[in-house]
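First the structure, in the form of structure tokens, and then the observations on it.
In the working numbering, the protein residues as written are 3 to 299.
Next comes the structure, spelled out in structure tokens:
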């Protein structure tokens with residue numbers, strides 16, 4: 003009977019085409035993954051991979067073996083997770099991707115309560131402004147907005163993401179407040195360059211009457227991170243456009259002022275993204291339930 007570790011090492015190496023990539027997914031060393039695969043090949047009596055210094059490719063026998071066990075391995079892992087949950091508390095490493103500003107401001111403060119409930123879960127949180135590949139990169143959950151729903155991934159909305167125009171009282175002192183989105187062109191702009199597109203982000207604003215207008219900020223300062231944009235606005239460097247969760251606390255404290263209060267942009271929803279397995283690991287399921295409950299409050 004083959005061990006689960008040997009089978010996991012084989013399947014993940016085949017999926018990623020690399021012992022190193024498989025090792026990152028399995029939290030092992032590349033040497034350990036290579037050793038597990040070698041043991042599996044020895045026990046089966048066949049070579050599963052053709053190895054070279056640059057490439058790892060399946061043999062004909064390897065392709066057949068992968069087709070036979072690939073889906074069954076996911077079911078077996080889910081069954082093991084279910085049995086583990088029934089006999090004890092959710093446990094294990096919880097790997098999450100989340101945007102820095104939203105994650106630090108709104109998710110990290112939830113962590114003490116979450117760990118008090120589930121002390122055997124070990125958070126591994128990656129703060130990054132990009133859309134990760136949940137399955138290929140081994141994430142349990144991602145949080146953000148505007149993700150493309152690739153096969154095998156589901157989204158659970160947490161809240162709407164309204165984009166507002168804001169500036170600091172220091173910057174606004176002695177300046178004429180904008181009364182229409184087109185007036186923003188008269189101000190210093192703090193704008194964002196998209197990581198995926200490489201283009202400056204442009205926003206289309208609307209009001210309750212259904213009118214629409216472009217918010218054309220001058221690119222006086224170009225940044226690629228919302229937290230940096232917020233800090234630049236707090237320093238009095240100009241007007242910027244950010245989602246409400248990123249600036250709500252600063253507006254409440256009077257550190258930032260919402261401009262054009264009758265106008266906003268819709269940036270979709272901030273959502274939880276996770277693999278659509280029939281049986282989620284207990285650590286993932288309780289995290290999703292906890293976050294949804296917290297945002298409901």
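Glycine included, C-beta positions come from ideal geometry on N, C-alpha and C. Bear in mind the structure is a predicted one, so any value in this text is a computation, not a measurement.
- Looking at the DSSP output, residue 283 bridges to nothing.
- CA-to-CA, the gap between residue 137 and residue 98 works out to about 12 Å.
- Counting every other CB atom within 10 Å of its CB across the protein chains shown gives residue 118 a total below 16, marking it as exposed.
- Non-local beta-carbon contacts of residue 227 in its own chain, meaning distances under 7 Å to residues more than five positions away in sequence, involve 102, 131 in chain order.
- Excluding residues up to 5 positions away in sequence, 102, 103, 106, 248 lie with their Cβ nearer than 8 Å to the Cβ of residue 229 in the same chain.
- Look at the segment 223-274 and you find these whole runs of alpha helix (DSSP H), each 4 residues long or longer: 228-236, 246-254.
- By the 16-neighbour rule on beta-carbons within 10 angstroms, residue 92 is buried.
- Sequence-distant partners of residue 27 (beyond 5 residues in either direction) whose C-beta falls short of 6 Å from its own C-beta, in its chain, are 14, 140.
- The way I'd put it, the segment 152-164 doesn't touch the segment 181-198; fewer than three beta-carbon pairs between them come closer than 8 Å.
- The segment 143-152 makes no contact with the segment 166-181; the number of CB pairs closer than 8 Å stays below 3.
- Residue state for residue 297 is assigned as helix, using DSSP reduced to three classes.
- Counting C-beta atoms within 10 angstroms of its own C-beta, residue 57 has fewer than 16 neighbours from the protein chains shown and is therefore classed as exposed.
- By the neighbour-count criterion, in which a residue is buried when 16 or more other Cβ atoms sit within 10 angstroms of its Cβ, residue 294 is exposed.
- Short of 7 Å from the beta carbon of residue 277, and not among the five residues preceding or following it, lie these beta carbons of its own chain, in chain order: 136, 137, 154, 155.
- Within a 10 Å sphere around the beta-carbon of residue 121 sit fewer than 16 other beta-carbons, which makes this residue exposed.
- In its chain, beyond the 5 residues on either side, 163, 164, 165, 166 have a beta carbon closer than 8 Å to the beta carbon of residue 246.
- Looking at the DSSP output, residue 53 shares a beta bridge with 58.
- The Cβ atoms of residue 269 and residue 147 lie closer than 8 Å to each other.
- Taken atom to atom, the span from the alpha-carbon of residue 286 to that of residue 123 is near 10 Å.
- Annotation for residue 159: the continuous beta strand (DSSP E) segment containing it runs 155-169.
- Looking at the DSSP output, residue 129 shares a beta bridge with 100.
- With respect to residue 63, residue 53 sits apart: the two C-beta atoms are not nearer than 8 Å.
- By the neighbour-count criterion, in which 16 or more other beta carbons inside 10 Å mark a residue as buried, residue 191 falls on the buried side.
- For residue 216, the uninterrupted beta strand (DSSP E) segment begins and ends at 214-217.
- In the structure shown, the three-state DSSP call for residue 39 is helix.
- Counting C-beta atoms within 10 angstroms of its own C-beta, residue 142 has 16 or more neighbours from the protein chains shown and is therefore classed as buried.
- Listed in chain order, the non-local C-beta contacts of residue 272 below 6 Å within the same chain comprise 147, 160, 161, 163, local neighbours out to five positions each way being set aside.
- Contact annotation: residue 231 and residue 207 have beta-carbon atoms that are not nearer than 8 Å.
- Under the criterion of beta carbons closer than 8 Å, residue 209 and residue 264 qualify as touching, at roughly 5 Å.
- Counting along the chain, residue 145 sits inside the beta strand (DSSP E) bounded by residues 143-147.
- Per DSSP, reduced to three states, the secondary structure at residue 191 is strand.
- Less than 8 Å divides the Cβ of residue 96 from the Cβ of residue 289.
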